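Read in this note's numbering, the sequence shown has 328 at position 324, and its numbers run on one by one without any break. Have a look at the structure below before the remarks.
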Amino acid sequence: MSETSQKKGQDASVVAKAGLWYTVCTFIFKAMAFLTTPFFARYMTKAELGSFTDFSSVASILLVITSFDLSQSIIRSKAEHEKDMDSYIWSILSLSTIWTLIVYGVFLMFPGFFGDYLKIDWKYIHILFWYMLAAPPYTMLITKQRAFYQYKRFVLLTGIMAVSGTLLAFLLVLLMQDKLAGRIIGFYSPFIVFGAAIFVFLAFKGRRIKTRYWSYATKICLPLVPHALSLHILGVSDVLLITRLCGEEYTAYYSIAYSAYHIASVLFDAMNKAWAPWLIESLHARNYKDIKKVSKIYILIFAFLIVGLLLLVPEIILILGGSEYKPSIYCLPALLTSCSFLFIFTMYVNIEFYEKKTIGVSVATMIGTSANVILNLIFLRLDPEHSFVIAAYTTLAGYIILFILHYFIVKRMKMDHVYSIKFILCILGGIMVFAGLMNILYSYTIIRYALVLAYGSVFLYFVYKYRDRIKKVLLKKG
């Protein structure tokens, strides 16, 4: 066996093991949020829960604006600046910090305006900016670990942050009179403390700030800011419009279904964390044949997992919301199918990102989000009683539009040959047909359980058939 072949085999094993660890551990850490939700709902009032959700939403939006999402450039920059990565990270971190301090200064100059506009107490706004200063160092470090497949360090660091934040929030909500303060301080303090320590570590490792890296990173990431904000709007617009046009009762049905949808989105996020670094490296090496072959396996694995979730929708809704949320069942097939389109179009976005054609990413996302909002405004009023189901299908329509737009952007770049579009359309078509079928079969429990049994048998068959490969991936050091 040649040295190149051995290296490819070793790389494939590392990627597979990293992907497995990212997926499993992300699931565990995200599950903590689901498991602790009943606790916080019991000890906090609805107003306090709503205020925490508002604070989290503001934090996620402002973090995109102040950080420019510069950490996203790290995986791409590895192809060009691998030997100077420490200096690259410290340089873009300094830019993010300077801009965050400027925004913080503007807020301090007009405290009344921003406090009234955001409807957030200033003691929490200070915590918000400390978090926005401390989050980028943490994000950049774990992104570097992803880029170099350092999954053990990634799992350890993300685990510490997830567990410490959850446990501290849990403890402070129990002990403090002000439950909202307890949850905000408990959840965000670990990010602030560890982020500050990581900032010092990255500054020591990077030593020199090179402003040429500012230009490199902003050219890639600045156009992605509207993309990130549009995706956030796409995620929350359904809930806001159902509440305003149809009523909070119908919003509750959709919210439970959307919580279940997050199971699939966690899967997608975890798998993409392993896929993107390998894809960037393979594109740089022009290993298009390997990409096409591996991408089919990658897509099949995700599709198989989506099918499993579609089979278990009634049980998922029962666990998350109880029997009173049974109508939410009929939202999930469309939402899970939406996640399949999200999964696929992100594969194309990764190519656009590698080619540094990020303006198209933002334009496409804004078009898809606008289409979703317009469809909601048109159709939600027509049948308020089923508005939560309609919103699921308008979301699906938005993601289908995004898939089409990103495919043609990549086709125009003459990079569409990287993936097999025929294979992708077959998989997406199959998922849509199966989702439609499950909408009917949710009323026929025996038939559905027979399908679950068949699904489990197929799963066990493949685990047994490829047990040696699985064992090799799990036991191989790296």
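For glycine and all other residues, C-beta sits at the position ideal for the given N, C-alpha and C. Owing to the predicted nature of the structure, the values given are computational and were not obtained by experimental measurement.
Inspect the beta-carbon positions of residue i and residue j and report whether they are closer than 8 Å.
i: ILE93; j: MET48; result: no
i: PHE2; j: THR40; result: Only positions 5 to 482 of the chain appear in the structure, and residue 2 is not among them; the question remains open.
i: GLY312; j: TYR459; result: yes
i: LEU238; j: VAL68; result: no
i: PRO388; j: GLY199; result: no
i: PHE44; j: LEU53; result: yes
i: PHE345; j: LEU429; result: no
i: PHE349; j: HIS266; result: no
i: ALA63; j: TYR142; result: no
i: MET436; j: THR362; result: no
i: LEU105; j: CYS225; result: no
i: ALA351; j: SER269; result: It is worth fixing the name first, because residue 351 is Met in this sequence and not Ala. No, Cβ-Cβ distance for MET351 and SER269 is not below 8 Å.
i: ASP90; j: GLY210; result: yes
i: LEU314; j: MET442; result: yes
i: ILE355; j: MET275; result: no
i: LEU137; j: ALA261; result: no
i: GLN83; j: ILE284; result: For the record, residue 83 in the displayed sequence is Ala; it is not Gln. Cβ distance < 8 Å, so ALA83 and ILE284 count as in contact.
i: ILE377; j: SER461; result: Looking at the sequence shown, residue 377 is not Ile but Val. In this structure, SER461 does not lie closer than 8 Å to VAL377 by Cβ.
i: SER55; j: PHE72; result: no
i: LEU228; j: SER366; result: yes
i: CYS343; j: ILE310; result: yes
i: HIS70; j: TRP103; result: The sequence given here has Thr at residue 70, not His. For THR70 and TRP103, yes; Cβs fall inside 8 Å.
i: ILE65; j: HIS236; result: yes
Quick one: what does DSSP say residue i is sitting in, helix, strand or coil?
i: ASN443; result: helix
i: ILE124; result: coil
i: CYS250; result: coil
i: ALA289; result: coil
i: LEU67; result: helix
i: THR49; result: coil
i: PRO337; result: helix
i: SER424; result: coil
i: ILE213; result: coil
i: PHE72; result: coil
i: ARG385; result: coil
i: PRO227; result: coil
i: TYR4; result: Outside the displayed range of the chain (5 to 482) lies residue 4, so it cannot be described from this structure.
i: ASP58; result: helix
i: LYS361; result: coil
i: LEU316; result: coil
i: MET417; result: coil
i: ASP242; result: helix
i: GLY372; result: helix
i: GLN154; result: coil
i: PHE272; result: helix
i: MET165; result: helix
i: ASP182; result: coil
i: SER9; result: Residue confidence is low: SER9 scores 43 on pLDDT, short of 50, so the model does not pin down where it sits. Its coordinate-derived value is still stated next. SER9: helix per DSSP, three-state reduction.
i: TYR453; result: helix
i: PHE3; result: Any property of residue 3 remains undetermined from this structure, which presents the chain solely from 5 to 482.
i: GLY402; result: helix
i: GLY326; result: coil
i: TYR470; result: coil
Distance check for residue j and residue i, CA to CA, integer angstroms please.
i: PHE203; j: SER98; result: 10 Å
i: ALA185; j: THR57; result: 13 Å
i: ILE301; j: ARG385; result: 42 Å
i: ILE164; j: GLY325; result: 29 Å
i: ILE78; j: THR449; result: 48 Å
i: SER286; j: TYR153; result: 14 Å
i: VAL414; j: ARG46; result: 49 Å
i: PHE191; j: VAL197; result: 11 Å
i: ILE305; j: VAL107; result: 43 Å
i: GLY482; j: ASP273; result: For GLY482, the predicted structure reports a pLDDT of 46, less than 50, and the residue's modelled location is therefore unreliable. The matter cannot be settled from this model.
i: ARG212; j: ILE96; result: 11 Å
i: ALA439; j: GLN181; result: 47 Å
i: SER193; j: PHE111; result: 21 Å
i: SER259; j: VAL243; result: 7 Å
i: LYS214; j: ARG80; result: 17 Å
i: GLY109; j: ASN380; result: 38 Å
i: PHE357; j: GLY119; result: 36 Å
i: ALA221; j: PRO318; result: 45 Å
i: SER332; j: ILE32; result: 24 Å
i: ILE295; j: LEU322; result: 40 Å
i: GLN10; j: TYR470; result: Annotation note: pLDDT 43 at GLN10 (below 50); position unreliable, coordinate value reported separately. The straight-line gap from Cα to Cα measures roughly 20 Å.
i: THR398; j: PHE308; result: 24 Å
i: ARG216; j: HIS85; result: 12 Å
i: LEU464; j: LEU457; result: 11 Å
(message) Pairs of beta-carbons, one from the stretch 237–254 and one from the stretch 122–135, closer than 8 Å: are there three or more?
(response) no
(message) Tell me whether the stretch 414–427 and the stretch 268–280 touch, counting them as touching only if at least three CB pairs, one residue from each stretch, are closer than 8 Å.
(response) no
(request) Taking 8 Å as the threshold, find out whether the stretch 398–410 comes into contact with the stretch 370–378 through three or more Cβ pairs. (result) yes
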